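Trainee:
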Amino acid sequence: MSGVTCCLRFPGQLNSDLRKLAVNLIPFPRLHFFMVGFAPLTSRGSQQYRALTVPELTQQMWDSKNMMCAADPRHGRYLTASAMFRGKMSTKEVDEQMINVQNKNSSYFVEWIPNNVKSSVCDIPPKGLKMASTFIGNSTSIQEMFRRVSEQFTAMFRRKAFLH
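Right, dumping it as structure tokens:
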């Protein structure tokens with residue numbers, strides 16, 4: 106959450122607000138289920154021994170291992186996505202990396218929403234890190250998680266578990 110709201114709390118080169126985020130991420134009112142990711146997912150102590158670059162951060166951020174829900178984005182398509190970068194970095198480099206991701210993984214993005222990846226940069230990094238990025242994606246692969254929860258609920262309901 107702090108990565109999403111950092112542009113509201115700190116000055117940056119390219120500011121975005123929650124309204125702009127919601128407008129850009131939700132193409133239709135019923136398609137509003139987000140997958141969140143964060144990079145780098147390392148311990149704070151090990152961070153001082155490793156210098157991250159913007160390409161590494163971008164690659165980690167889009168990786169399914171860095172997503173905060175158990176759904177693999179490769180099993181669906183991204184409708185929209187937003188990347189919030191924090192720390193001292195070039196906006197040009199961030200934009201180039203976002204274009205590279207879209208070009209390399211074009212099969213994972215819907216073609217009927219042009220320019221569906223937004224990015225923003227905030228100069229102030231999180232405490233203890235030099236650079237970080239937060240990812241919010243509106244992907245059809247979230248249906249995996251809903252299907253799994255539905256199956257688990259149905260199995261428990263059939264056994265009348267937790268019914269009083």
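Position one of the sequence shown corresponds to residue 106 (the numbering used here), numbered consecutively onward. Glycine is no exception: its CB is placed at the ideal position from the N, C-alpha and C atoms. From a predicted model like this one, the values you see are computed outputs, not experimental measurements.
1) Is it buried or exposed for MET140, if we count other Cβ within 10 angstroms and need 16 for buried?
2) Which residue marks the beginning of the alpha helix (DSSP H) containing ASN208, and which one marks its end?
3) DSSP beta-bridge partners for THR239?
4) Decide if the region 127–141 is in contact with the region 192–201; the criterion is three or more beta carbon pairs, one per stretch, under 8 Å apart.
5) Give me the Cα-Cα distance between GLU198 and VAL159, rounded to the nearest whole angstrom.
6) Taking C-beta to C-beta, are SER169 and PRO178 nearer than 8 Å?
7) In chain order, what residues of the same chain lie with their CB nearer than 6 Å to the CB of VAL215, ignoring the 5 residues before and after it?
8) Quick one: residues in its chain with C-beta nearer than 8 Å to the C-beta of GLU249, no 5 flanking neighbours on either side, listed in chain order?
9) What's the gap between the Cα of LEU146 and the Cα of THR239?
10) Could you please give the first and the last residue of the uninterrupted beta strand (DSSP E) stretch that includes VAL226?
11) My output table needs one value for LEU184: the three-state DSSP class, helix, strand or coil.
12) For MET261, which of helix, strand or coil comes out of DSSP?
13) I need the boundaries of the alpha helix (DSSP H) containing ARG124, first residue and last residue.
14) In three-state DSSP terms, what is MET172?
15) Give me the Cα-Cα distance between ARG253 and MET261, rounded to the nearest whole angstrom.
Mentor: Working from what's here:
1) buried
2) 196–209
3) PHE143, MET189
4) no
5) 7 Å
6) yes
7) ARG182, LEU184
8) ALA175, ALA176, ASP177, HIS180, GLY181
9) 11 Å
10) 222–227
11) strand
12) helix
13) 123–130
14) strand
15) 12 Å
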